[in-house]
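What follows is a single structure, written as structure tokens, with notes after it.
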Amino acid sequence: MRLSFSPYISGYAEKTPENKNWSYFLRGGLDLRYGINESYTLDMMLIPDFGQVQSDDQILNLTPFEVRYDERRQFFTEATEMFNKCGIFYTRRIGSMPRNYSAPYDSLKANEKVTTNPDETRIINATKISGRNSKGFGVGFFNAMTTNTWGTVQDTITGHPGK
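Using the working numbering, you'd call the opening residue of the sequence shown number 139 and step up by one each time.
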């Protein structure tokens, strides 16, 4: 039986440049790998933390095309050859900046301010089943869930949420 659990916990300390305050928080999660049979493997991660992964250099992209970075997150680099056909599946879109990140700022009225606007999409869990049997038949299944990434706007006069 091929089964492995890898629970983890990590602690962070951050200092924000705006107000120079320190904030502390913990994150924890679980990675699971299960060999369904000799050909297929189930990989799962619950509340992943990619804090140990090298970050990308910032690039100013003035073209209409997406910048493609190399994948460095272990879950997305292991046993993903089934998903890499024709360059359609690009794992770096999972957990990236929300698609309409600037929309709350674009629609502000004179007496409104943006109170929250997450700059990343947090992955809650991801599951993949992949493998190839002895006859060459390959299977690749992938599913990921993320948190909501809604920005909120507040009326500065009344204090009520904006519309």
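Beta carbons: idealized from backbone N, C-alpha and C, even for Gly. For clarity, every value in this text was computed on a predicted model and none was experimentally measured.
Going by DSSP, name the residue or residues bridged to residue i.
i    : result
F280 : K266
R382 : This structure cannot settle anything about residue 382, because the visible part of the chain is limited to 139 through 301.
For the candidate residues the options, whose alpha-carbon lies nearest to that of residue i?
i    : options                   : result
Y146 : L168, T229, L180 and C224 : L168
D257 : A241, L180 and I174       : A241
F163 : L170, R171 and E152       : E152
W288 : S148, N222, M235 and F143 : M235
D194 : R237, N222, R210 and N271 : R210
G297 : S148, T253, F280 and I267 : T253
If you draw a straight line from the alpha carbon of residue i to that of residue j, how long is it in whole angstroms?
i    : j    : result
I261 : M283 : 6 Å
T154 : R140 : 44 Å
F188 : N157 : 26 Å
R231 : V277 : 22 Å
T179 : N255 : 37 Å
R237 : G274 : 38 Å
I295 : K251 : 10 Å
G269 : S177 : 5 Å
Drop a sphere of 10 angstroms on the beta-carbon of residue i, count the other beta-carbons inside from all chains shown, and report buried for 16 or more, exposed for fewer.
i    : result
D208 : exposed
T259 : buried
A248 : exposed
Threshold first: 3 residues or longer. Then list the beta strand (DSSP E) segments lying entirely within the stretch 196-280, N to C. With a minimum length of 3 residues, the continuous beta strand (DSSP E) runs that stay inside the stretch 196-280 are 250-254 and 261-270.
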